[in-house]
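**Q** Below: one structure in structure tokens.
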Amino acid sequence: MNNNKVELDQQLSETVGKPLINGTPKITCRDVNVFYNQDSQAIFDVNVDLAKNQILAMIGPSGCGKSTLLRCLNRMNDTIDGCSITGKISLDGEDIYSNDIDPVLLRAKVGMVFQKPNPFPKSIYDNVAYGPRLHGIATNNSELDDVVEESLIKAGLWKETKDRLNKPGTGLSGGQQQRLCIARTIAVRPDVILMDEPTSALDPIATATIEELMHELKSSYTIAVVTHSMQQAARISDRCSYFHLGRLVEVNDTNIVFTNPEHELTENYITGRFG
Amino acid sequence: MLNIGQHISQEYNDELEDLRNQVLSMGGLVEQQFSDASNALLNGTINIAQRVTELDYQVNAMEVAIDEGCAQIIAKRQPTAIDLRNIFTVIKVVTDLERMGDESEKIAKFASELSADTNSMGFYKNLKHMTFIAKKMLTDALDCYARLDAKKALEVSNMDAEIDAEFEILNRLLSTYLLEDTKNIESILKVTWCARSIERVGDHAKNICEYIVYVVYGKDIRHVIDGKLQDDK
Ligand SMILES: Nc1ncnc2c1ncn2[C@@H]1O[C@H](COP(=O)(O)OP(=O)(O)OP(=O)(O)O)[C@@H](O)[C@H]1O
Ligand SMILES: [Mg+2]
Numbered sequence: 005m006n007n008n009k010v011e012l013d014q015q016l017s018e019t020v021g022k023p024l025i026n027g028t029p030k031i032t033c034r035d036v037n038v039f040y041n042q043d044s045q046a047i048f049d050v051n052v053d054l055a056k057n058q059i060l061a062m063i064g065p066s067g068c069g070k071s072t073l074l075r076c077l078n079r080m081n082d083t084i085d086g087c088s089i090t091g092k093i094s095l096d097g098e099d100i101y102s103n104d105i106d107p108v109l110l111r112a113k114v115g116m117v118f119q120k121p122n123p124f125p126k127s128i129y130d131n132v133a134y135g136p137r138l139h140g141i142a143t144n145n146s147e148l149d150d151v152v153e154e155s156l157i158k159a160g161l162w163k164e165t166k167d168r169l170n171k172p173g174t175g176l177s178g179g180q181q182q183r184l185c186i187a188r189t190i191a192v193r194p195d196v197i198l199m200d201e202p203t204s205a206l207d208p209i210a211t212a213t214i215e216e217l218m219h220e221l222k223s224s225y226t227i228a229v230v231t232h233s234m235q236q237a238a239r240i241s242d243r244c245s246y247f248h249l250g251r252l253v254e255v256n257d258t259n260i261v262f263t264n265p266e267h268e269l270t271e272n273y274i275t276g277r278f279g
Numbered sequence: 054m055l056n057i058g059q060h061i062s063q064e065y066n067d068e069l070e071d072l073r074n075q076v077l078s079m080g081g082l083v084e085q086q087f088s089d090a091s092n093a094l095l096n097g098t099i100n101i102a103q104r105v106t107e108l109d110y111q112v113n114a115m116e117v118a119i120d121e122g123c124a125q126i127i128a129k130r131q132p133t134a135i136d137l138r139n140i141f142t143v144i145k146v147v148t149d150l151e152r153m154g155d156e157s158e159k160i161a162k163f164a165s166e167l168s169a170d171t172n173s174m175g176f177y178k179n180l181k182h183m184t185f186i187a188k189k190m191l192t193d194a195l196d197c198y199a200r201l202d203a204k205k206a207l208e209v210s211n212m213d214a215e216i217d218a219e220f221e222i223l224n225r226l227l228s229t230y231l232l233e234d235t236k237n238i239e240s241i242l243k244v245t246w247c248a249r250s251i252e253r254v255g256d257h258a259k260n261i262c263e264y265i266v267y268v269v270y271g272k273d274i275r276h277v278i279d280g281k282l283q284d285d286k
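Quick mapping for you: the protein sequence lines, in order, are chains A and B. Going by our numbering, the first sequence opens with residue 5, and the numbers climb by one from there. Going by our numbering, the second sequence opens with residue 54, and the numbers climb by one from there.
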């Protein structure tokens, strides 16, 4: 029992994988530790880069800290009592936890899409227009119309909704609601989009539509996506990171991870072996 | 080295194990084919040449069944990493095995034709040596596959150079002979074809060894000159 513990600590002591070479870092995490209350640590010494215009997939068993780390990237964890973080996370070289960063503005720059589509109980139009109004992105109504249209087009939802913009967002199908949430995120013109299991509640067709959308979005945005689907990670990401017990075990080109991962723990996980 | 049988899904373990056993039995059949064919050629035991053709039906059927098994696993399990390399390798290995079966059939056919022909006897010493190495390569390659022994597989694949060298010597000998004795062109050509088939069996065995290295290390060493593997997995 004790021996196993030592072995696992050794196995987890160092992250393997290629450092980011094909790309410019957009977000960098350095020696990041996250605690829920003082005594329970959820993330240990994580170092990882999100490359501009690339998709980083985050995979790993339930409870390994994927959502925790993702939420650090736009300071969503600030809202959780007792949650604290050490280390440094930078966006374009600027420390996002420094005192002169406004978390609300940060979250506009680093948007988030959640597992369950969560449209506001408002019209489709207002769902998308909410952020731009809040952040003063449009100066008049016709500009706002343009932003809404543009965002819905980018999210691949325009055709289906252009004649029902005043209908409630909650009346859409699950896949459409998720695309609405993506349109809402895009509307505030973020640089980075964080997605936490964005298709886990969707059928294969809706999933394929979202995946295709992510593929199109990455030319304008930087994306990090948490997923429990190995195949999804393999299909959509440029790089893939594997987390285990709060530690980053491996981060590598996705091509490598799914054909010849460097770390045995990654291999055990993606091939469905006992770890 | 990861074991095949450690998946959470026992059914998946069973499917992979079953596939591997099928490849090994197919390998056994091809070994038998090649052994029968070379015995027929070298010892003139042409009554067993017929068996080579019969075995070929079984070998072909196994190739089809194994390919089908691989397609099922890919569709159902979406294998990744070592499992993906493993399935990919099975598909390649059975292709090489099936070709070795075809080469054995050709040898057996020529064996029957050459059996009455005393003129070709002079070359059997060289053929015998080539056959010996090719047989050993095939047996060892299958053994390496069964144990996923990549280090040994590299050694075995290097044996191919010996066959190639022997083939060249024999070719030179046969050309000289052709010039001296034009009446025997036909039997000399048949000997050449046999030598060529034996040499091909060596090539296929070498391929199998290269796939084993790929399964274990995730590195493709085909067509790499002097490819050395550094890391110890
Ligand atoms: N609000 C919280 N308060 C206290 N502990 C938390 C909180 N959120 C998460 N944790 C703990 O932090 C660890 C990591 O949780 P996290 O939600 O980041 O995992 P995850 O990898 O996203 O898992 P899943 O795949 O199930 O979503 C877990 O041990 C969890 O219990
Ligand atoms: Mg989570």
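Heads up, the beta-carbon is just placed ideally off N, CA and C, and yes, glycines get one too.
Using the beta-carbon of each residue, which ones in chain B are nearer than 7 Å to A:G135?
**A** Stepping through the first sequence from its first residue, residue 135 of chain A is reached at position 131. Going along chain B, no residue has its Cβ under 7 Å from A:G135, so there is no contact; the nearest lies around 38 Å.
**Q** Hey, quick one: how far does the alpha helix (DSSP H) through B:M153 stretch, first residue to last?
**A** In the second sequence, residue 153 of chain B corresponds to position 100, counting from 1. B:M153 -> alpha helix (DSSP H) spans 134-167.
**Q** With respect to the beta strand (DSSP E) encompassing A:F39, which residues constitute its N-terminal and C-terminal limits?
**A** Your numbering for residue 39 of chain A matches position 35 in the first sequence. Per DSSP, A:F39 belongs to the beta strand (DSSP E) from 29-40.
**Q** What residue does the alpha helix (DSSP H) around B:H182 start on, and which one ends it?
**A** On the second sequence, residue 182 of chain B is found 129 positions in, with the first residue counted as 1. Taken as a continuous stretch (DSSP letters only), the alpha helix (DSSP H) holding B:H182 covers 177-200.
**Q** Please name the residue in A:Y225, A:E18, A:I89, A:G97 whose C-alpha comes closest to that of A:N57.
**A** Counting from 1 along the first sequence, the entry for residue 57 of chain A is found at position 53. Taking only the C-alpha atoms, the option nearest A:N57 is A:Y225.
**Q** Report yes or no: is there a C-beta of chain B within less than 7 Å of the C-beta of A:E266?
**A** Reading the first sequence from its first residue, position 262 is the one you call residue 266 of chain A. For A:E266, the answer is no, since every Cβ of chain B falls outside 7 Å of its Cβ.
**Q** Is it buried or exposed, A:D35, if we count other Cβ atoms within 10 angstroms and call 16 or more buried?
**A** Residue 35 of chain A sits at position 31 when you count from the first residue of the first sequence. Under this definition A:D35 is an exposed residue.
**Q** Determine the direct distance from the alpha carbon of A:K113 to that of A:G250, and round the result to whole angstroms.
**A** Your numbering for residue 250 of chain A matches position 246 in the first sequence. Your numbering for residue 113 of chain A matches position 109 in the first sequence. Straight-line Cα distance between these residues: approximately 26 Å.
**Q** So A:F262 contacts chain B; which residues on that side make the cut at Cβ distance below 9 Å?
**A** In the first sequence, residue 262 of chain A corresponds to position 258, counting from 1. Correct list: T133, A134, L137.
**Q** Work out the CA separation of B:Q85 and B:H60 for me, nearest whole Å.
**A** Reading the second sequence from its first residue, position 7 is the one you call residue 60 of chain B. Reading the second sequence from its first residue, position 32 is the one you call residue 85 of chain B. Taking the straight line joining both Cα atoms gives about 34 Å.
**Q** Taking CB distances under 7 Å as the criterion, tell me whether B:H182 reaches chain A.
**A** The count along the second sequence starts at 1 and reaches residue 182 of chain B at position 129. Judged by the 7 Å Cβ criterion, B:H182 is not in contact with chain A.
**Q** Using beta carbons (cut-off 7 Å, strictly below), is B:G122 in contact with chain D?
**A** The structure shown contains no chain D; the protein chains it does contain are A and B.
**Q** One question on the structure: do B:S157 and B:V112 come within less than 7 Å of each other, judged by their Cβ atoms?
**A** As a working note, residue 157 of chain B is residue 104 in the second sequence. As a working note, residue 112 of chain B is residue 59 in the second sequence. No, they are not a contact pair.
**Q** Measure the C-alpha to C-alpha separation of A:L77 and A:I141 and round it to an integer number of angstroms.
**A** Within the first sequence, numbered from 1, the residue matching residue 77 of chain A stands at position 73. Within the first sequence, numbered from 1, the residue matching residue 141 of chain A stands at position 137. Using only the alpha carbons, I get a separation of about 23 Å.
**Q** For A:G115, which of helix, strand or coil comes out of DSSP?
**A** Here residue 115 of chain A refers to the residue found at position 111 when the first sequence is read from its first residue. DSSP places A:G115 in strand when its eight states are reduced to three.
**Q** Taking the beta carbon of A:P125 as the centre, do at least 16 other beta carbons fall within 10 Å, making it buried, or is it exposed?
**A** Taking the first sequence and counting its residues from 1, the one referred to as residue 125 of chain A is at position 121. The residue in question, A:P125, is exposed, as its Cβ has fewer than 16 Cβ neighbours within 10 Å.
**Q** In terms of alpha-carbon separation, which member of B:M212, B:A134, B:R152 lies closest to B:M190?
**A** Mapped onto the second sequence, residue 190 of chain B falls at position 137. Looking at the Cα atoms, B:M212 is the closest of the given residues.
**Q** According to DSSP, A:N54 sits in a beta bridge with which residue or residues?
**A** The sequence position of residue 54 of chain A within the first sequence is 50, counting from 1. Before going on, a small fix: residue 54 of chain A reads as Leu here, not Asn. Paired residue(s): A:I31.
**Q** Suppose the cutoff is 6 Å on Cβ atoms and the five residues either side in sequence are ignored; what does the same chain contact list for A:T211 look like?
**A** Taking the first sequence and counting its residues from 1, one reaches residue 211 of chain A at position 207. So the list reads T203, once near-sequence residues are dropped.
**Q** Whose C-alpha, out of A:K22, A:A55, A:L12, is nearest the C-alpha of A:T28?
**A** Looking up residue 28 of chain A in the first sequence gives position 24. Of the listed residues, the one whose Cα sits closest to A:T28 is A:A55.
**Q** For the region 229-249 of chain A, enumerate the residues whose C-beta is nearer than 9 Å to any C-beta of chain B, in chain order.
**A** Here the close residues are M234, Q235, A238.
**Q** Alpha carbon to alpha carbon, what distance is there between B:F185 and B:L227?
**A** For the purposes of this step, residue 227 of chain B is identified with residue 174 of the second sequence, where counting begins at 1. For the purposes of this step, residue 185 of chain B is identified with residue 132 of the second sequence, where counting begins at 1. If I take the Cα positions, the gap works out to 20 Å.
**Q** So, with DSSP's three-state summary, where would you put B:Q59?
**A** Working through the second sequence from its first residue, we reach residue 59 of chain B at position 6. The answer is coil: DSSP assigns B:Q59 none of H, G, I, E or B.
**Q** If we count the other Cβ atoms within 10 Å of its Cβ and call it buried at 16 or more, is B:R200 buried or exposed?
**A** As a first step, residue 200 of chain B is located in the second sequence; it is residue number 147 there, counting from the start. With fewer than 16 Cβ atoms within 10 Å of its Cβ, B:R200 is classed as exposed.
**Q** Taking only runs of the beta strand (DSSP E) that begin and end inside the region 58-136 of chain A, which ones reach a length of at least 3 residues, in chain order?
**A** Counting only runs of 3 or more, we get 59-63, 87-95, 114-117.
**Q** Taking A:N26 as the reference, give the member of A:T258, A:F39, A:I214, A:D150 with the closest Cα.
**A** Numbered from its first residue, the first sequence carries residue 26 of chain A at position 22. Among A:T258, A:F39, A:I214, A:D150, the Cα nearest to that of A:N26 belongs to A:T258.
**Q** Based on Cα-Cα distance, which residue from B:N92, B:E70, B:A206 lies nearest to B:C123?
**A** For this step, residue 123 of chain B is matched to residue 70 along the second sequence. Answer by Cα proximity: B:E70.
**Q** Determine which residues share a DSSP beta bridge with A:Q45 and list them.
**A** To locate residue 45 of chain A, count along the first sequence from 1; it is residue 41. Paired residue(s): A:F39.
**Q** Does DSSP put A:P208 in a helix, in a strand, or in coil?
**A** Indexing the first sequence from 1 puts residue 208 of chain A at position 204. Helix at A:P208.
**Q** In angstroms with no decimal places, state the Cα-to-Cα distance between B:V147 and A:R75.
**A** Position 94 of the second sequence holds residue 147 of chain B. Position 71 of the first sequence holds residue 75 of chain A. Going from the Cα of B:V147 to the Cα of A:R75 covers about 49 Å.
**Q** Assess contact between the region 126-137 of chain A and the region 177-194 of chain A, defined as three or more Cβ pairs (one per stretch) separated by less than 8 Å. Is contact present?
**A** Short answer: they touch.
**Q** Using a strict less-than 7 Å threshold between each residue's beta carbon and the heavy atoms of ligand 2, what residues do you get?
**A** The set, ordered by position in the chain, is A:K70, A:S71, A:D200, A:E201, A:V230.
**Q** Please return the same chain residues whose Cβ sits closer than 8 Å to the Cβ of B:I278, not counting the five positions on each side in sequence.
**A** Taking the second sequence and counting its residues from 1, the one referred to as residue 278 of chain B is at position 225. Annotation note: pLDDT 49 at B:I278 (below 50); position unreliable, no value reported.
**Q** By DSSP, does B:N43 sit in helix, in strand, or in coil?
**A** The structure shown does not extend to residue 43 of chain B, since chain B is modelled only from 54 to 286, so the question has no answer here.
**Q** Using a Cβ distance threshold of 8 Å, determine whether the region 213-220 of chain A contacts the region 30-45 of chain A, with at least three qualifying pairs required.
**A** Result no; under three Cβ-Cβ pairs closer than 8 Å.
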